[in-house]
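Colleague: Residue 15 is where the sequence shown starts when you use the working numbering, and the numbers rise one by one after that. Here a beta-carbon is modelled for each residue, glycine too, at the ideal position from N, C-alpha and C. For clarity, every value in this text was computed on a predicted model and none was experimentally measured.
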Amino acid sequence: MQLGCIAPSCDRVGRYYPLCLLLPIDTTGIIEPEVLRSATQELTYLGYRILEGIRRSFSPEALDQVLAEACPLDPLPYPPFWPELALYANSAETSSYWWTNPASGGPMRRHVHHGPLNNLLFNHLFDGRYGES
15 MQLGCIAPSC
25 DRVGRYYPLC
35 LLLPIDTTGI
45 IEPEVLRSAT
55 QELTYLGYRI
65 LEGIRRSFSP
75 EALDQVLAEA
85 CPLDPLPYPP
95 FWPELALYAN
105 SAETSSYWWT
115 NPASGGPMRR
125 HVHHGPLNNL
135 LFNHLFDGRY
145 GES
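In structure tokens form, the structure reads like this:
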């Protein structure tokens, strides 16, 4: 299983592309809720760092350096965004779980996608006209 962060970004000449970060989760056994909670907290922290890098136009090297810094072990100063995610997560399924990062300042949105990644999913994630799922 992998958790990830995907954000729209733009290079120096104005081309738009998705900026992606993956966080692998060991799923050799049952996914423990505490492991998932810790991983999603780390992903939230990294989401804030990605947004900072986009807003401040970090070079790829500078963004790599910021992302390589360790996630703080203490609880972060924001609430969990999908505390019941562990109830849904199943490493045997081909489902993906998507949510907005609180760093964006936008409304909380969650989406569960069953099956492989496809155009419909990415249209939903980036366009948002398909409503919440």
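1. Considering only the beta carbon of each residue, do L17 and L57 sit closer than 8 Å?
2. Using alpha carbons as the reference points, say which of C34, L135, N132 and E48 lies closest to L60.
3. Which residues mark the beginning and the end of the alpha helix (DSSP H) in which S109 is found?
4. Leaving out the 5 sequence neighbours to the left and right, which residues in its chain are closer than 8 Å to S110 when beta-carbon positions are compared?
5. In angstroms with no decimal places, state the Cα-to-Cα distance between A76 and P38.
6. Using alpha carbons as the reference points, say which of D25, P47, R29 and A21 lies closest to L99.
7. State the DSSP-derived secondary structure class of P32, mapped to helix, strand or coil.
8. Going by alpha carbons, who is nearest to H101 out of P22, R69 and L50?
Modeller: Let's see:
1. yes
2. C34
3. Run containing S109: none in the alpha helix (DSSP H); it sits in the beta strand (DSSP E), S109 to W113.
4. V126, H127, L131 and L135
5. 22 Å
6. P47
7. strand
8. According to the sequence shown, residue 101 is Leu rather than His. Of the candidates P22, R69 and L50, the one whose C-alpha sits nearest the C-alpha of L101 is L50.
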